[in-house]
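Comments concern the structure below.
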Amino acid sequence: MTATLSAPAEVRTTPRRGRSRTWIGWSFILPNFIGFAALTLIPVIASLALSFLDWDSYSTPRWVGLANFERMIHNDNFWTALRNTAYYAVGHVPLTLGAALGFAVLLNQKLKGVQFFRTALFFPYITSLVAVAVVWNMLLSPDLGPVNQFLRAIGIDNPPGWTTSTTWAMPAVIVASVWRDLGYYMVLYLAGLQTIPAELYEAAQVDGASPWQRFRHITLPGLRPTTFFVLIMLTISSFKVFDLIQVMTEGGPGRATLVLSQVIYREGIVQGRFGYSSAVSMVLFVIVLTITVVQFRLQKRSEA
Amino acid sequence: MRRHLVTTLAGAAALALLTACGGSAQPAADGPQTIKVSLWNYATTPEFKAIIDGFQAANPDIKVEPVDILADDYAEKVTTMLAGGDTTDVLTMKNVIDYSRFGTRGQLLPLTDEAAKLDPAKYSGLKAYELEGKYFALPYRQDFWVLYYNKTLLKQAGVPESKLQNLTWAGYADLAKSLTKGDGASKVYGAYQHTWRSIVQATSAAQTGGNLLGGDYGFMKDQYAMTLGLQQSGTLLPWATASSQKVSYNTMLSTGKAALLPMGTWYAATLLADTKSGKTKVEWGVAPLPQLKADGKVTTFGSPTAFAVNKNSKHSEAAKKFVEWASSEAGATAVAKAGVTPSLQSQQILDTYFALPGVPNGEVAKKAFKPDNVVLEMPVSDKSSDVDQILTEEHELIMTGQKSLDDGLAEMAKRVKNEVG
Amino acid sequence: MTVRRSLAYVLLVVLSVAVLVPFAWMVSSSLKLDAEVFTVPVQWIPAEFRWSNFTTIWERIPLLTYLRNSVFLSLTITALQVLTGSFAAYGFAKVRFPGRDVLFLAYIGTIAVPWQAYMVPQYVIMQKAGLVNTHLSLILLQAFSAFGVFLMRQYYLTIPDELSEAARLDGLSEYGIWARIILPLSKPALASLALLTFVNTWNDYMGPFIYLTDNKLWTIQLGLRSFVGLYDAEYAMIMTGSVLSVLPILVIFLLGQKYFVRGIATSGLK
Chain S
0 MTATLSAPAE VRTTPRRGRS RTWIGWSFIL PNFIGFAALT LIPVIASLAL
50 SFLDWDSYST PRWVGLANFE RMIHNDNFWT ALRNTAYYAV GHVPLTLGAA
100 LGFAVLLNQK LKGVQFFRTA LFFPYITSLV AVAVVWNMLL SPDLGPVNQF
150 LRAIGIDNPP GWTTSTTWAM PAVIVASVWR DLGYYMVLYL AGLQTIPAEL
200 YEAAQVDGAS PWQRFRHITL PGLRPTTFFV LIMLTISSFK VFDLIQVMTE
250 GGPGRATLVL SQVIYREGIV QGRFGYSSAV SMVLFVIVLT ITVVQFRLQK
300 RSEA
Chain R
0 MRRHLVTTLA GAAALALLTA CGGSAQPAAD GPQTIKVSLW NYATTPEFKA
50 IIDGFQAANP DIKVEPVDIL ADDYAEKVTT MLAGGDTTDV LTMKNVIDYS
100 RFGTRGQLLP LTDEAAKLDP AKYSGLKAYE LEGKYFALPY RQDFWVLYYN
150 KTLLKQAGVP ESKLQNLTWA GYADLAKSLT KGDGASKVYG AYQHTWRSIV
200 QATSAAQTGG NLLGGDYGFM KDQYAMTLGL QQSGTLLPWA TASSQKVSYN
250 TMLSTGKAAL LPMGTWYAAT LLADTKSGKT KVEWGVAPLP QLKADGKVTT
300 FGSPTAFAVN KNSKHSEAAK KFVEWASSEA GATAVAKAGV TPSLQSQQIL
350 DTYFALPGVP NGEVAKKAFK PDNVVLEMPV SDKSSDVDQI LTEEHELIMT
400 GQKSLDDGLA EMAKRVKNEV G
Chain B
0 MTVRRSLAYV LLVVLSVAVL VPFAWMVSSS LKLDAEVFTV PVQWIPAEFR
50 WSNFTTIWER IPLLTYLRNS VFLSLTITAL QVLTGSFAAY GFAKVRFPGR
100 DVLFLAYIGT IAVPWQAYMV PQYVIMQKAG LVNTHLSLIL LQAFSAFGVF
150 LMRQYYLTIP DELSEAARLD GLSEYGIWAR IILPLSKPAL ASLALLTFVN
200 TWNDYMGPFI YLTDNKLWTI QLGLRSFVGL YDAEYAMIMT GSVLSVLPIL
250 VIFLLGQKYF VRGIATSGLK
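As structure tokens, then:
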């Protein structure tokens, strides 16, 4: 496991120096770890442990074994939410990643007004969610919205009902969320792009490499650690998506955009069934962790 | 192996941590004391200040300190605070479903003796707080549904206001159709029905005697058919538009975009304030909610608001005094003076309310504010929230036309049976 | 070349306009009456410009206090996050020791659990520590998140080890390498971490809502939500406040951008 995660060329250690390296390693991590462990790690473990208990946040917890999980696998809401969450992630992750990478590369050039464009693309992330929801719903409004007017103009007689249709609500939410998150991940890519030595591009230009070749053979490999980070953060945030959906569709129409974190929220803090809500988070946790470990492995393979 | 140990240890630590909460109530100490009251939006909710000021004047030895919480996620914050063993003395119960959750989990002190002193005939909504023979809260406020209307639009159409005094739903639909005019941006809708499910579902439950938790929802059919018909004919703003554009009912009435608006009595307070400050120039009136039959009896639905005492309160005697005072005659008068309908109903209190400047007080309004029967919006049970969620989801599907009315009602029944059981 | 360039421009301009539409709606709404905000069809230009909203809001809520609290919290949390995050990341990226990777997975694992799931256990701990209703609770809560550690670790992996190797031979300690070699090289990553942390803290609503009860401690986001009532909301005021609250972020963003200039990170390699 150790080897899979580390960068290729590190200092070789002898056994005796090993112990002092452990000390050094921990000394770096400790200032962050103390706060992290006390206020995040322990509550997270506690909440995962709750999935085996029956707890209403007030009375003494009661051990119920796997009862919460049993209830979960027979619960229609859970499966609907799981399906919707996966659907959302499959749409949101690649689209956001592609768009963020594309615009970061584009806006890393010496263009006039590049500052303005970067700021503009970051704006959706800081615009009030209510404004985002209202304007997107207006654009996608079934009868009067400009999107459907355009679709009718090009000959589509029966354009989708978007957020009022059980079929099209999720695609609509995905588009809006890609639009919102684009700038956020672009900032991460912009930072990553600064690590690629300019000399590499100069040398490639001398060799007559096309822009696509330069992108393929210099930019992409140089961005690998950033892409890895963005991919994992995107996956996690897609599986945890809450705010935007809550404001745009509230999980509707019906349950068309109901996602796991809404189930966790409603069952837990709203209904007071914390054991059950923890069981659902446990599922989310296992899914995300599995995906992360797989991505770790894949990254390692592509490095080897 | 080692990982196993870590998990076990952490789990044990977590458990110890979680079980350690929950203190015990201390008897009240003598002398001046301060009680804390959890409430929402103190600055913009005038009845809280009215109650607190009135109570302090009547009990100079007790000081009241508001704990101001945002209305939006009030219940979630109170739940979290109580989980941490918070000792805020008085807790405002925003709705009956939240109340039953706090009450059945033993987070509230019983107030059964105090409730026994109140006359259930006069206290609209008191019965809603009975949980297996016990009471854990006393209501101070009762909102119920009425029909708001735009006087100018009615006059223009030549409809006398007295017509609204005995309106049936069929009459409402006809009237709304006849009041609809214009097109595009200048269109005036005959009526506006907000997106909430209760406007269709709770209305039909109250007026037909149907049970919202029962699992058979055929009783809603007529009310849905009427609403869908009005939507079809362009008399109502389409539900899908209202929902996705977050249209506010206040906008629809106070900018003259809709002539009739079924809504709760809380809205009167907003209209009073906006009229006073000049934010709205609409001339508005209040009529009884339309009925199934024009027999002169008014049945509507509503929900009470109440105060309860936290089990962890260190000043439970003073806290109880506060709760009792708020629901007393003196408390109700203070609430009515703040422009809000109190739980205690008497002619004297109604007179206080109608004496406020700006309150419409013709015959129609007087009848509206004195309904014969106010049915609880959603029956209280441990299934209420789950059923509520299902009914809301199916309501969306019916109103957006994603499901036919019959399918939607059948699905409600099926899901309530399967998922809530 | 020029064709491609002008194409890129057209694309960027169109996109920027599209991206700014909701913001335009926000600004337009901030100049309206509440009742004019949600109209069908949308009214892009207010019938009457109510500039007074921007003065009224200061009287309606103690905006200055809220802004001060938000600035204090955001700056403190950002500073701590950047400092401890980049420090810990060095341990994860450049020092090899047993148990490191499991520990790292634990960090990432916690990001996977939605906050809604563990906020009650977390609150209970804070309550026991007597920190509820203090700014300190939020600082402790958000300053040590796994996000910063992860971000910085990934960035450090791209810095060639030859650099630290050379420094090690020169007799620098690991702490010295972090402070003198790695940190100066990672300005773009530090800038993006600082920026994103600042924005997230600034816009956070649920954290302050749960932990801060005393009105004097409230942040701008809580102030904005106080315009949402039990049954309706004053949306003009909310949008006015939202416009005001975007301004500080804008300043930070413009400041941070100067670190996204090609070449800074690699200057040490020459």
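Residue numbers (numbering that gives the first Met the number 0), protein chains in the order written: chain S, 0 to 303; chain R, 0 to 420; chain B, 0 to 269. Backbone N, C-alpha and C define an ideal beta-carbon position, used for all residues, glycine too. Bear in mind the structure is a predicted one, so any value in this text is a computation, not a measurement.
Residues of chain S with CB under 9 Å from residue i, in chain order?
i, result
"residue 238(B)", "127, 129, 130"
For residue i, collect the residues of the same chain with a Cβ closer than 7 Å to its Cβ; drop the 5 residues on either side in sequence, then sort them by chain order.
i, result
"residue 32(B)", "49, 235"
"residue 290(S)", "234"
"residue 198(R)", "192, 261"
"residue 242(B)", "25, 26, 29"
"residue 13(B)", "none"
"residue 7(R)", "Any answer about residue 7(R) is weak, because its pLDDT of 43 lies below 50 and its placement is not dependable; what the coordinates show is given next. Closer than 7 Å at the Cβ level, and outside the excluded window around residue 7(R), lies no residue."
Could you tell me which chain B residues have their CB closer than 7 Å to the CB of residue i, listed as they occur along the chain?
i, result
"residue 253(R)", "34"
"residue 386(R)", "What residue 386(R) touches in chain B: nothing, since even the nearest Cβ is about 22 Å away."
"residue 244(R)", "37, 39"
By the criterion of Cβ-Cβ separation under 7 Å, what are the contact partners of residue i in chain R?
i, result
"residue 131(B)", "83"
Please list, in chain order, the chain B residues whose beta carbon lies closer than 9 Å to that of residue i.
i, result
"residue 176(S)", "Ordered by position in chain B, no residue passes the 9 Å Cβ test against residue 176(S), which lies about 13 Å from the chain."
"residue 268(S)", "115, 118, 119"
"residue 62(R)", "What residue 62(R) touches in chain B: nothing, since even the nearest Cβ is about 17 Å away."
Taking residue i as the query, report the chain S residues whose CB atoms sit under 7 Å from its CB, ordered along the chain.
i, result
"residue 331(R)", "Those do not exist, as residue 331(R) stays about 31 Å from chain S at its closest Cβ, beyond 7 Å."
"residue 382(R)", "In chain order: nothing, as chain S lies at least about 11 Å away."
"residue 173(B)", "23"
"residue 11(B)", "116"
At 8 Å on the CB atoms, spell out the chain R contacts of residue i, in chain order.
i, result
"residue 126(B)", "20, 83, 84, 85"
"residue 164(S)", "399, 401"
Suppose the cutoff is 6 Å on Cβ atoms and the five residues either side in sequence are ignored; what does the same chain contact list for residue i look like?
i, result
"residue 265(R)", "142"
"residue 267(S)", "273, 276"
Would you mind telling me which residues of chain B sit closer than 8 Å to residue i, beta carbon to beta carbon, in chain order?
i, result
"residue 121(S)", "252"
"residue 171(S)", "Residues of chain B passing the Cβ test: none, with the nearest at roughly 15 Å."
"residue 70(R)", "227, 228, 229"
"residue 240(R)", "39"
According to DSSP, which residues form a beta bridge with residue i?
i, result
"residue 129(R)", "134(R)"
"residue 62(S)", "52(S)"
"residue 343(R)", "122(R)"
"residue 140(R)", "304(R), 341(R)"
"residue 283(R)", "149(R)"
"residue 92(R)", "305(R)"
Anything in chain S within Cβ reach of residue i, meaning under 8 Å, just list it in chain order.
i, result
"residue 15(B)", "115, 116, 119, 120"
"residue 144(B)", "35, 39"
Report the neighbours of residue i on chain R: residues whose CB is nearer than 9 Å to its CB, in chain order.
i, result
"residue 19(S)", "Result: empty, since nearest Cβ-Cβ is about 22 Å, beyond 9 Å."
Taking Cβ to Cβ, would you say residue i is nearer than 8 Å to residue j?
i, j, result
"residue 93(R)", "residue 74(R)", "yes"
"residue 288(R)", "residue 145(R)", "yes"
"residue 175(S)", "residue 257(S)", "no"
"residue 374(R)", "residue 415(R)", "no"
"residue 40(B)", "residue 184(R)", "yes"
"residue 292(R)", "residue 151(R)", "no"
"residue 46(R)", "residue 358(R)", "no"
"residue 340(R)", "residue 140(R)", "yes"
I'd like the list of long-range same chain contacts for residue i, defined as Cβ closer than 8 Å, with 5 residues on each side in sequence excluded.
i, result
"residue 164(R)", "286, 287, 362, 363, 366"
"residue 189(R)", "174, 175, 176, 177, 178, 179, 229, 234, 235, 257, 258, 259"
Confirm the yes/no value for this check: CB of residue i, any heavy atom of the ligand HEM, distance under 7 Å.
i, result
"residue 61(R)", "The ligand HEM is not part of this structure, which contains no ligands at all."
### Three or more C-beta pairs below 8 Å linking the region 292–302 of chain R and the region 353–373 of chain R
yes
### Query
Per the contact definition of three or more C-beta pairs closer than 8 Å, is the region 59–70 of chain S in contact with the region 275–290 of chain S?
yes
### Query
So, do the region 239–251 of chain R and the region 191–198 of chain R have three or more beta carbon pairs nearer to each other than 8 Å?
yes
### Query
Can at least three beta-carbon pairs, one atom from the region 375–386 of chain R and one from the region 142–149 of chain S, be found at a separation below 8 Å?
no
### Task
Taking 8 Å as the threshold, find out whether the region 181–190 of chain B comes into contact with the region 122–133 of chain B through three or more Cβ pairs.
no
### Task
Determine contact between the region 52–67 of chain B and the region 221–232 of chain B, defined as no fewer than three beta-carbon pairs at a distance below 8 Å.
yes
### Task
Decide yes or no for the touch test of the region 209–216 of chain B against the region 75–91 of chain S: beta carbon pairs closer than 8 Å, at least 3 of them.
no
### Query
When the Cβ atoms of the region 122–132 of chain S are set against those of the region 244–251 of chain S, are three or more pairs found closer than 8 Å?
yes
### Message
Count Cβ pairs between the region 143–159 of chain B and the region 84–102 of chain B that sit closer than 8 Å; are there 3 or more?
### Response
yes
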